[in-house]
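Worksheet: one structure, shown below.
There are 2 protein chains.
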Amino acid sequence: MEYPKTFEELMECFKMLPGIGAKGAERMAYHVLSMNDDQVNRFSHALTDFKKKIHYCKVCGHICEDEVCEICKDEERDHHTICIVESPKDVFAMEKLKEFHGVYHVLGGTISIMDGKTMDDLNIQSLLDRLDENTKEVIIATNPTREGETTALFLAKLLNKKNITISRIANGLPIGSSLDYADELTLLRSLEDRKKI
Amino acid sequence: MEYPKTFEELMECFKMLPGIGAKGAERMAYHVLSMNDDQVNRFSHALTDFKKKIHYCKVCGHICEDEVCEICKDEERDHHTICIVESPKDVFAMEKLKEFHGVYHVLGGTISIMDGKTMDDLNIQSLLDRLDENTKEVIIATNPTREGETTALFLAKLLNKKNITISRIANGLPIGSSLDYADELTLLRSLEDRKKI
Numbered sequence: 001m002e003y004p005k006t007f008e009e010l011m012e013c014f015k016m017l018p019g020i021g022a023k024g025a026e027r028m029a030y031h032v033l034s035m036n037d038d039q040v041n042r043f044s045h046a047l048t049d050f051k052k053k054i055h056y057c058k059v060c061g062h063i064c065e066d067e068v069c070e071i072c073k074d075e076e077r078d079h080h081t082i083c084i085v086e087s088p089k090d091v092f093a094m095e096k097l098k099e100f101h102g103v104y105h106v107l108g109g110t111i112s113i114m115d116g117k118t119m120d121d122l123n124i125q126s127l128l129d130r131l132d133e134n135t136k137e138v139i140i141a142t143n144p145t146r147e148g149e150t151t152a153l154f155l156a157k158l159l160n161k162k163n164i165t166i167s168r169i170a171n172g173l174p175i176g177s178s179l180d181y182a183d184e185l186t187l188l189r190s191l192e193d194r195k196k197i
Numbered sequence: 198m199e200y201p202k203t204f205e206e207l208m209e210c211f212k213m214l215p216g217i218g219a220k221g222a223e224r225m226a227y228h229v230l231s232m233n234d235d236q237v238n239r240f241s242h243a244l245t246d247f248k249k250k251i252h253y254c255k256v257c258g259h260i261c262e263d264e265v266c267e268i269c270k271d272e273e274r275d276h277h278t279i280c281i282v283e284s285p286k287d288v289f290a291m292e293k294l295k296e297f298h299g300v301y302h303v304l305g306g307t308i309s310i311m312d313g314k315t316m317d318d319l320n321i322q323s324l325l326d327r328l329d330e331n332t333k334e335v336i337i338a339t340n341p342t343r344e345g346e347t348t349a350l351f352l353a354k355l356l357n358k359k360n361i362t363i364s365r366i367a368n369g370l371p372i373g374s375s376l377d378y379a380d381e382l383t384l385l386r387s388l389e390d391r392k393k394i
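Order-wise, the sequence lines are chains E and S.
Position 54 of the first sequence, counted from 1, bears residue number 54 in the numbering used here, the numbering being contiguous throughout.
So the mapping is simple: the numbering used here equals the position in the second sequence, first residue as 1, plus 197.
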């Protein structure tokens with residue numbers, strides 16, 4: 001016996017979501033069954049509305065509802081210090097700090113040999129267009145993963161020609177961690193980048 | 198910094214789903230961002246279509262797209278043997294066996310003191326309406342959990358007055374399991390319900 005077609009179709013849709021398999025999708029479909037009409041309509045509308053309204057900022061590549069994001073529009077921020085991150089998530093993480101007053105540039109991923117992603121697939125041309133003689137510093141804040149490091153190296157090489165200060169966020173032991181639980185690479189970096197106190 | 202409103206709204210919707218917290222909802226919303234228009238519209242449509250078309254069978258309470266489900270409509274099945282289950286999921290599990298040729302009755306839950314659910318919240322009146330002098334057997338196949346057992350006892354008591362054969366699915370060690378891993382209650386049941394060979 002098979003599920004009714006509309007049931008099957010909704011399960012297929014849930015399966016498109018990350019981390020959702022057959023059992024999870026089934027559970028979600030049953031849950032939708034228990035939701036009232038208003039809730040389901042709200043959900044359905046949220047999906048189409050989201051797709052219609054959420055864009056990438058044409059300056060920095062961050063997500064926003066307008067053409068240009070709030071950060072790029074904000075004239076009180078330092079537009080000559082640009083922090084390069086992989087994804088919009090990273091912008092939100094940085095903004096939580098309330099310590100960085102520059103602007104961002106979102107790459108929309110990393111170079112990845114496994115996924116066949118090269119520099120051309122990233123939001124880099126618009127970065128080059130933004131840089132001028134007024135640019136003070138470019139902070140490369142891609143993740144400290146293999147892909148993130150590769151991308152950082154590549155960017156550093158590319159931007160070095162431009163005579164701009166380029167920096168990379170620091171690696172080391174996270175606050176509150178302990179030496180004997182740290183992986184070797186982190187510990188090595190932590191030792192190499194030691195600071196005089 | 199906050200997410201754009203439509204982003205926030207979609208995350209709220211994902212959070213309505215079972216097992217999805219703030220981080221999961223965020224991840225899903227980002228995934229929707231990477232989906233194309235057709236996929237998002239398909240998803241949105243699947244939700245409303247599902248809510249519009251999926252009903253509970255008015256005879257047995259199983260899910261279906263028509264007024265009466267395929268099993269209840271099937272004249273080749275034995276309509277005098279009724280298997281009582283908790284949810285539509287259980288019907289699909291039973292149907293996979295291809296061994297049971299009777300019909301079902303879906304309770305839509307169990308009696309649960311914790312959740313304040315009584316017999317009145319279950320699909321029982323329609324069960325009583327279905328039973329007549331032709332009914333051969335009622336198989337109570339609620340889950341062997343505390344709530345399922347309580348419901349089974351309650352049903353047995355209710356149906357006993359009706360002079361119908363009532364049975365309960367067997368408990369015991371699952372095939373392929375081992376005695377030393379079985380919980381005590383299962384092992385006890387397995388011993389008590391031993392069969393002559």
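Heads up, the beta-carbon is just placed ideally off N, CA and C, and yes, glycines get one too.
Model, not experiment: these values are computed from the prediction.
Problem set entry | Cβ-Cβ distance between threonine 81/E and glutamate 137/E below 8 Å | yes
For this session: Kindly provide the ranges of any alpha helix (DSSP H) runs that are 4 or more residues long and lie completely inside the stretch 107-157 of chain E, ordered along the chain.
Result: 125-130
Exercise. Which first and last residues belong to the beta strand (DSSP E) in which cysteine 72/E is found?
Worked result: Taken as a continuous stretch (DSSP letters only), cysteine 72/E belongs to no beta strand (DSSP E), being part of the alpha helix (DSSP H) at 70-73.
Exercise. Bridge partners of serine 167/E, per DSSP?
Worked result: Ile139/E
Exercise. Where methionine 16/E and tyrosine 104/E are concerned, what is the direct C-alpha to C-alpha distance, given to the nearest angstrom?
Worked result: 30 Å
Exercise. Rounded C-beta distance between valine 6/E and glutamate 262/S? I'm assuming under 8 Å.
Worked result: Rather than valine, the amino acid found at residue 6/E in this sequence is threonine. Right, the Cβ-Cβ distance comes to about 6 Å (below 8 Å), so this counts as a contact.
Exercise. In the stretch 228-245 of chain S, which residues sit with their C-beta less than 8 Å from some C-beta in chain E, listed in chain order?
Worked result: His228, Val229, Leu230, Met232, Asp234, Gln236, Val237, Asn238, Arg239, Phe240, Ser241, His242, Ala243, Leu244 and Thr245
Exercise. For the candidate residues Leu370/S, Lys354/S, Pro371/S and Gly369/S, whose alpha-carbon lies nearest to that of isoleucine 363/S?
Worked result: Lys354/S
Exercise. Under 8 Å, do valine 303/S and glycine 369/S count as touching if we go by C-beta distance?
Worked result: no
For this session: Return the Cβ separation of threonine 135/E and isoleucine 164/E in integer angstroms, given the expectation that the two are a contact with Cβ distance under 8 Å.
Result: 5 Å
Exercise. Thinking just about the alpha-carbon of each residue, which of Arg77/E, Glu76/E, Tyr56/E and Asp74/E is nearest to the one in glutamate 67/E?
Worked result: Tyr56/E
Exercise. Are the stretch 41-53 of chain E and the stretch 227-239 of chain S touching by the rule of at least three beta carbon pairs closer than 8 Å?
Worked result: yes
Exercise. Which one of Gly221/S, Lys286/S and Gly313/S has the shortest CA to CA distance from alanine 338/S?
Worked result: Lys286/S
For this session: Mind listing the chain A neighbours of lysine 196/E? Cutoff is C-beta to C-beta under 9 Å, in chain order.
Result: Considering every chain present, this structure includes no chain A. Its protein chains are E and S.
Problem set entry | Contacts that glutamate 273/S makes with chain E (C-beta to C-beta distance below 9 Å) | None at all; the shortest Cβ gap to chain E is about 14 Å.
Exercise. At a CB-CB cut-off below 8 Å, which residues of chain E make contact with lysine 314/S?
Worked result: Those within 8 Å of lysine 314/S in chain E number zero; the least Cβ separation is about 13 Å.
Exercise. Using a beta-carbon distance below 8 Å, is lysine 286/S in contact with chain E?
Worked result: yes
Problem set entry | Rounded straight-line distance, which links the Cα of valine 282/S to that of cysteine 13/E | 28 Å
Problem set entry | Where glutamate 292/S meets chain E, residues with beta-carbon distance less than 8 Å | Met1
Exercise. In terms of residues, what are the limits of the beta strand (DSSP E) holding valine 85/E?
Worked result: 81-85
Problem set entry | Per-residue DSSP class, three states only, for valine 32/E | helix
Exercise. Is serine 103/E helix, strand or coil when you go by DSSP?
Worked result: Position check: residue 103/E holds valine in this sequence, whereas serine was assumed. In this structure, valine 103/E counts as strand in the three-state DSSP scheme.
Exercise. Going by beta carbon distance, what residues of the same chain come within less than 8 Å of glutamate 267/S, once the five residues before and after it are set aside?
Worked result: Cys261
Problem set entry | glutamate 389/S to leucine 382/S span [Cα, whole Å] | 10 Å
For this session: Would you kindly report the start and end of the unbroken alpha helix (DSSP H) that includes alanine 290/S?
Result: 285-294
Exercise. Which one or two residues does DSSP pair with cysteine 261/S in a beta bridge?
Worked result: His252/S
Problem set entry | Proximity of aspartate 317/S and glycine 306/S at Cβ, strictly below 8 Å | no
Exercise. Since proline 215/S meets chain E, which of its residues come closer than 8 Å, beta carbon to beta carbon?
Worked result: Arg27, Met28 and His31
Exercise. In the stretch 56-74 of chain E, which residues sit with their C-beta less than 7 Å from some C-beta in chain S, listed in chain order?
Worked result: Ile63, Cys64 and Glu65
Exercise. From the beta carbon of cysteine 13/E, is the nearest beta carbon of chain S less than 8 Å away?
Worked result: yes
Exercise. So, is glycine 218/S buried or exposed, given that buried needs 16 or more other C-beta atoms within 10 angstroms?
Worked result: exposed
Problem set entry | Secondary structure of aspartate 49/E, DSSP reduced to three states | helix
Exercise. Can you give the Cα-Cα distance for methionine 208/S and phenylalanine 43/E, rounded to whole angstroms?
Worked result: 10 Å
For this session: Sort Asp326/S, Cys269/S, Thr315/S and Asn320/S by Cα distance to histidine 298/S and report the nearest one.
Result: Cys269/S
Problem set entry | Exposure label - phenylalanine 272/S; buried when at least 16 CB within 10 Å | In the sequence on display, residue 272/S carries glutamate and not phenylalanine. Counting Cβ neighbours within 10 Å, glutamate 272/S comes out exposed, since fewer than 16 surround it.
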